[in-house]
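Taking it in order: structure first as structure tokens, then the write-up.
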Amino acid sequence: MFKFRRILFLIFLLIILPLLVYAVLRATHFFGKAFGDYANIYVDCGSSYPVSAGVWRNLAQGGEEKGRMLASVVDKVKGLKPEYIRIDHVFDFYNIVGRDGSGALSFNWSELDLTLGDIKAMNAKPFISISYMPPALSGGDILGMPANWSEWELAVQKLAEHISGKRGLNIDGVYYEVWNEPDLFGNFKAGGKKNYFDLYAHTVSGINRSTDVNGFKVGGPATTALYKNWFNGLLKLAQDGVRLDFLSWHSYTKDLDKLEQDFLSAKKWLLEYPGLEDTELIISEIGPNSENDPSYDNYFGGINLLATAATLEGNIDRMFIFEIKDGTGKDKYWGRWGLLTNDKFGSPEEKPRMLAIRFLNGMAGRKVAVAGRGSWVKAFAREEGGIIKTLVVNYDTSGKHHEAVPMTFANLPSTEFTLKRIDYGGGVTVEKVATSSAVWRTLQEFKPNSAAIFEIIPVK
């Protein structure tokens, strides 16, 4: 009997146990799928219409160092073709506001103009975060309220007249954002004694008094995250006639679902204020983490940027990639937020996120409708010169998700074309296609955290 039981046990080990393991793995895969949707990309090649250059074509520089921090990277940044460059610390880094012998306010633009000149040399326009409080107005506290609101309004008026003024730098289309992360820097509240909405209303009052100026936009609140009470406060001011051209917030996350939920919430809140539903939505700082993080220095950071752009493209007006250049640290690569390393270690070197922007810039042209995105796979499409371009990115923070992505191209521009796959990080494959239909389908494999641009090039 013992020998018979032993034989049964060996049979179990050799036959039954592998089957059980297989069943468990299958069940694990099945339940894993239940928590995410697989993509089935559908591109309507005949749907193109004009749009802006791209949600990603905006960069921000933080207050890592005083003075002309961007001077050493002008040519490198110019190559990214940015539309706007955001700077903060305008009033406390550039020694703009002082007092003359009589105690009246005086203004010196020479230091700021050097940085604005660097932005111009990048073929970009300035996005000005009106921060922080000039020490001359607050008794030295750059995060405090001004001693006199009329002096703050005058400082803001002069700032707008200098940058946007036809007798100043004569720049059209400047954005003015009221403060930088007021919930953190200054501990402003959406109401109460230190009320951000007081700061906003007085700032708009000053900027509206600027004369002989080009068109510009003003908005806020540039909070550390998206908060409904801050949005509601500004929208109520707008209902009362206070100018509000855009709403802004900051987003530091690796979670694409969080990104999507934020812009859906922001759009929903706008619908609660008739007449204001078309107010621009801007993420004026964006990145994978508000703290130092290795992803700022490695390949994953580039994939995160591609996935972020694919998630937000067509859903908000602008996102500002934070930041252009690292501050100084003891090491060349220290998880800082920059696209480029600091000059302390020689000529600034490009990081993977900068390469990702170049990859995104390959998606110029008119917008093409795309449907069928999934939980991991995101996509958007453009048309340029008759070529249909579709960017697809498979993004997974755990680095484990493979996916075979069905792609359908409808209303093809030609029944004969070349399909060119350009992989992020290197590699190009080309396939000649001839079809008798206006619809063509393909199945494309994506490893975890990979991306590719697919070009449909008609045969002429």
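Going from the sequence shown to the working numbering is simple: count from 1 and add 17. C-beta: ideal position from N, C-alpha, C; glycine also.
Straight across, the Cα-Cα distance linking Gly344 with Leu298 is about 28 Å. With a minimum length of 4 residues, the unbroken runs of alpha helix (DSSP H) contained wholly in the region 325-390 fall at 369-377.
If you ignore the 5 residues before and after Phe124, its C-beta comes within less than 7 Å of the C-beta of Ile113, Val114 and Lys175, all in its own chain and listed in chain order. By the 16-neighbour rule on beta-carbons within 10 angstroms, Glu178 is buried. Looking at the backbone, the Cα of Leu131 and that of Lys83 are separated by about 12 Å. Residue nearest to Gly185 within the set Gly416, Phe434, Val230 and Leu216 is Val230 (criterion: CA-CA distance).
Under the Cβ criterion (8 Å, minimum of three pairs), the region 319-329 counts as touching the region 271-278. Only residues of its own chain outside the window of five on either side were considered, and among them Asp314 have a CB closer than 6 Å to the CB of Tyr350, listed in chain order.
Cα atoms of Arg375 and Lys368: separation of roughly 12 Å, rounded to the nearest angstrom. Following the DSSP letters along the chain, one finds Lys464 in no alpha helix (DSSP H), marked with neither H nor E.
Inter-residue distance for Val410 and Ala469 is about 7 Å (C-alpha atoms, whole angstroms). Gly355 is the residue among Glu302, Asp200, Gly355 and Gly331 whose C-alpha sits nearest the C-alpha of Pro311. Cβ contact annotation for Asp189 (same chain, cutoff 7 Å, sequence separation greater than five): Asn231 and Gly232, in chain order. At least 8 Å separates the beta-carbon of Val422 from that of Val385. Shortest Cα-Cα distance from Ala373 to any of Leu429, Ser467 and Ser64 involves Ser467. In its chain, beyond the 5 residues on either side, Lys271 have a beta carbon closer than 6 Å to the beta carbon of Thr414. Closest in alpha carbon position to Gln461, among Tyr59, Ala172 and Asp262, is Tyr59. Taking the Cβ atoms as the reference, Ile333 lies roughly 26 Å from Val173, outside the contact range of under 8 Å. Annotated as proximal: Asp135 and Arg85, with beta-carbon spacing under 8 Å. A direct Cα-to-Cα measurement between Asn204 and Ser155 gives close to 15 Å.
For the 8 Å CB-CB criterion, Phe463 and Leu76 do not form a contact. DSSP places Ala88 within a helical segment (H, G or I) once states are collapsed to three.
At a Cβ-Cβ threshold of 8 Å, Asp105 and Ser148 count as neighbours. For Glu448, the pairing in a beta bridge is given by DSSP as Leu436. Under the DSSP assignment, Tyr217 falls in the alpha helix (DSSP H) whose first and last residues are Tyr213 to Asn225.
If you draw a straight line from the Cα of Tyr101 to the Cα of Ser301, it comes to about 11 Å. Residue range Ile404 to Asn411 is occupied by the beta strand (DSSP E) that includes Ile404. Around the beta carbon of Phe52, fewer than 16 other beta carbons lie within 10 angstroms, which makes this residue exposed.
Proximity to Gln78 across Thr459, Glu330, Thr220 and Arg103 peaks at Arg103, based on C-alpha coordinates. Distance between His418 and Gly389, taken at the CA atoms: about 18 Å. Spanning the alpha carbons of Ala164 and Asp440 requires a straight line of approximately 57 Å.
Here DSSP, grouped into helix, strand and coil, assigns Ile180 to helix. For Trp247, the enclosing alpha helix (DSSP H) covers residues Lys245 to Gln256. Residue burial annotation: Glu330 is buried, with at least 16 other C-beta atoms found within 10 angstroms of its C-beta. Closest option to Arg383, judged by alpha-carbon separation, among Ile405, Met371 and Leu377: Ile405. In this structure, DSSP gives Phe110 a helical state, which the three-state scheme calls helix.
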